[in-house]
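Reading through the structure tokens given below for one structure.
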Amino acid sequence: EATGNPGGLAQALSIVRPKGKIVLKSTYEGFPSVDMTRIVVREIELIGSRCGPFDKAISLLEKGLVDPTPLIAETFHISSAYEAFEAAKKSLKVILRME
Numbered sequence: 004e005a006t007g008n009p010g011g012l013a014q015a016l017s018i019v020r021p022k023g024k025i026v027l028k029s030t031y032e033g034f035p036s037v038d039m040t041r042i043v044v045r046e047i048e049l050i051g052s053r054c055g056p057f058d059k060a061i062s063l064l065e066k067g068l069v070d071p072t073p074l075i076a077e078t079f080h081i082s083s084a085y086e087a088f089e090a091a092k093k094s095l096k097v098i099l100r101m102e
């Protein structure tokens with residue numbers, strides 16, 4: 004969940020499968036209201052994950068010092084988003100093209 008909006012977290016909780024995981028890549032203003040009963044009963048795992056320094060990572064990529072291609076399993080057009088998400092379940096990274 005990367006929206007930073009409490010509604011995004013609520014939506015993630017409503018669609019995650021039982022015993023599923025939600026990775027939180029956002030910070031939230033204030034204290035979002037969370038249905039803790041749903042988390043406990045459905046055995047949902049919440050994982051906080053903080054981003055690193057993007058400027059350094061982008062610089063390394065631009066200079067060719069890091070090769071991301073071994074991480075990318077497949078590239079999909081946005082019209083094949085469903086297939087991309089299915090493939091992502093079995094691989095490290097997939098890419099969605101918008102054009």
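Note that this note's numbering has the sequence shown beginning at 4, numbered continuously upward.
Positions of the beta carbon are idealized from the N, C-alpha and C atoms, including for glycine.
Proximity below 7 Å, CB of residue i to CB of residue j
i   : j   : result
I47 : V26 : no
L99 : I75 : no
A5  : S29 : yes
P35 : P73 : no
V97 : E65 : no
Start and end residues, alpha helix (DSSP H) containing residue i
i   : result
T78 : Note, T78: premise wrong, no alpha helix (DSSP H); beta strand (DSSP E) at 75-80.
Short CB-CB distance (under 7 Å) between residue i and chain D
i   : result
G10 : Considering every chain present, this structure includes no chain D. It has just one protein chain.
First through last residue of the beta strand (DSSP E) which encompasses residue i
i    : result
R100 : 96-100
I18  : Per DSSP, I18 belongs to no beta strand (DSSP E); it is in the alpha helix (DSSP H), 9-18.
L49  : 48-51
Buried or exposed (CB count within 10 angstroms, at least 16 for buried), residue i
i   : result
A87 : buried
L63 : exposed
Beta-carbon proximity list for residue i, same chain, < 7 Å, skipping 5 on both sides
i   : result
C54 : K28
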